[in-house]
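Numbering (my numbering), first residue to last: 8 to 472. Worksheet: the structure to be examined is printed underneath.
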Ligand code: SF4
């Protein structure tokens with residue numbers, strides 16, 4: 008059977024979608040390979056959040072074209088957000104591409120891949136094989152970016168990877184919030200949640216396969232199901248889902264990303280006090296500390312309400328880690344607006360933050376706003392804010408030195424396969440020495456040192472159990 012290589016750009020949702028496609032292809036007998044040079048099918052799962060991400064994927068596809076000289080049957084495809092956004096126009100940008108499959112059609116990729124393989128074989132049979140260059144002729148590409156009702160329910164079965172202890176679990180697709188800088192509502196469509204019982208069923212299957220931690224995924228994950236499923240008592244559909252997952256025996260840790268500050272009502276804040284399997288980490292996108300800019304971004308909260316929410320979360324679960332996303336250089340951001348983001352970041356002492364220089368995205372209201380800042384101004388603010396958030400992240404890591412931390416060991420460290428890597432309940436990476444018997448285990452380590460982004464634990468102390 009043909010072999011497939013999938014390259015994923017962007018967020019965890021994309022990783023999860025790629026896993027689903029990989030699983031579907033594997034179920035049909037295709038072999039997954041880790042090198043593009045060995046593949047008969049190469050799929051790029053793309054991201055549209057920043058222009059640079061799109062350029063990278065298009066550049067990559069351009070480079071892949073040369074592989075077709077060696078393998079004339081090679082199928083090349085785009086899927087995901089950029090495929091959704093640019094659709095037909097990719098025929099012009101990447102004329103050698105066979106597939107363009109949008110965000111509501113991941114479950115159809117396996118069919119389309121097989122169709123494209125057939126088309127390539129037919130085209131090859133008709134070509135004059137002695138003719139140099141015949142191998143790179145395009146076939147009529149398959150393009151499907153149409154919306155499909157119920158597509159959120161098709162991202163469900165995982166590709167079981169041996170010895171993995173953590174998994175992403177997609178609970179919803181799309182977003183109705185329409186932040187003025189964001190392309191996601193265009194690329195992912197309107198909010199659609201999967202039924203609770205289906206998600207719980209998938210989580211049970213994951214646990215049967217050795218998974219101990221799940222991360223629930225959605226563009227605005229904590230607003231899950233708000234249009235489809237009723238509240239029960241004062242509990243939102245998302246809190247009902249957390250309650251149901253918490254009941255699963257063998258599931259030890261629950262995380263979720265990315266939430267919207269608006270989705271943190273009292274019932275969810277209280278979960279951190281009453282559900283011990285809910286890990287003490289929240290990624291809470293601030294985006295700006297200026298009320299004026301928040302309004303222009305169409306983010307319906309204020310700096311004061313965000314500050315209160317962080318306080319409430321920290322009161323509900325002392326020691327909870329809070330990380331964030333902040334955009335600098337949004338159109339019209341004055342020095343005073345920027346200061347407000349900087350001051351709030353200093354005050355709230357985040358455990359980590361992603362700082363983004365505002366990047367214009369076509370088809371978004373912010374791209375049309377008049378007062379666009381220069382790249383130079385954005386870069387100055389970016390570097391300055393990075394120094395603030397990196398300093399607080401370092402302080403948080405240093406504060407862990409000498410403490411005992413519960414970790415889930417995820418396997419060999421990426422940077423040093425001779426050592427192990429795990430995550431604390433607060434989502435900090437810990438590197439430690441040890442053998443394979445620790446894989447997938449939850450245990451305490453003593454933190455002995457910290458670098459700028461990583462903790463180091465002492466396995467000797469743990470081994471003294
Ligand atoms: S809530 Fe998130 S995904 Fe939705 S529009 Fe805003 S930034 Fe984009």
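All residues carry an ideal CB built from backbone N, CA and C; glycine is no exception.
Contiguous alpha helix (DSSP H) elements confined to the stretch 30-96 occur at 58-71, 74-77, 88-93, taking only those with 4 or more residues.
Counting only runs that start and end inside the stretch 334-411, the beta strand (DSSP E) elements of at least 3 residues fall at 359-364. Straight through space, the alpha carbons of residue 332 and residue 273 are spaced by roughly 23 Å. In the three-state scheme derived from DSSP, where H, G and I count as helix and E and B as strand, residue 296 is classed as coil. By the criterion of a C-beta distance shorter than 7 Å, residue 57 is surrounded in its chain by 366, once the five residues flanking it on both sides are discounted.
For the set 30, 439, 283, the Cα lying nearest the Cα of residue 258 is the one of 283. Cβ neighbours of residue 305 within its own chain (closer than 7 Å, five residues either side excluded): 185, 186, 187. As DSSP reads the structure, residue 179 sits in a beta bridge with 200. CA-to-CA, the gap between residue 72 and residue 103 works out to about 7 Å. Set against 8 Å, the gap from the CB of residue 89 to the closest heavy atom of ligand 1 is not smaller.
Relative to ligand 1, even the nearest heavy atom lies 8 Å or more away from the CB of residue 445. Excluding sequence positions up to five before and after residue 448, its CB lies within less than 7 Å of the CB of 416, all in the same chain and listed in chain order. Beta-bridge partners of residue 238 (DSSP): none assigned.
Straight across, the Cα-Cα distance linking residue 199 with residue 440 is about 43 Å. For residue 405, the closest C-alpha among the options 358, 444, 385 is that of 358. Proximity to residue 319 across 280, 119, 354, 52 peaks at 280, based on C-alpha coordinates.
Of the heavy atoms belonging to ligand 1, at least one sits nearer than 8 Å to the Cβ of residue 186.
Note that the C-beta distance between residue 229 and residue 181 is not below 9 Å. Counting along the chain, the unbroken alpha helix (DSSP H) around residue 253 starts and ends at 244-253.
In the same chain as residue 153, and ignoring 5 residues on each side of it, the C-beta atoms closer than 8 Å to its own belong to 109, 111, 112, in chain order. When 11, 424, 43 are compared, the shortest CA-CA separation from residue 31 is found for 11.
Secondary structure of residue 280 (DSSP, three-state): helix. In the DSSP annotation of this structure, the continuous segment of the beta strand (DSSP E) that includes residue 451 starts and ends at 449-457. For a cut-off of 8 Å, the C-beta gap from residue 338 to residue 379 is around 5 Å, short enough to register as a contact. If the five residues before and after residue 64 are omitted, its C-beta is found closer than 8 Å to the C-beta atoms of 16, 51, 53, 54, 85, 89, all from its own chain and listed in chain order.
Bounds of the beta strand (DSSP E) holding residue 264 are 260-264. With a cutoff of 9 Å on beta-carbon distance, residue 203 and residue 247 are scored as near each other.
Taking 9 Å as the cut-off, the beta carbon of residue 120 is found no closer than this to the beta carbon of residue 40. By the Cβ neighbour-count rule, residue 239 is exposed, with fewer than 16 other Cβ atoms within 10 Å of its own. Rounded to whole angstroms, the Cβ separation of residue 316 and residue 268 is 6 Å, and the two are in contact under 8 Å.
In the structure shown, the three-state DSSP call for residue 126 is helix. Looking at the backbone, the Cα of residue 311 and that of residue 146 are separated by about 56 Å.
Under the 10 Å beta carbon count, residue 408 is surrounded by fewer than 16 other beta carbons and is classified as exposed.
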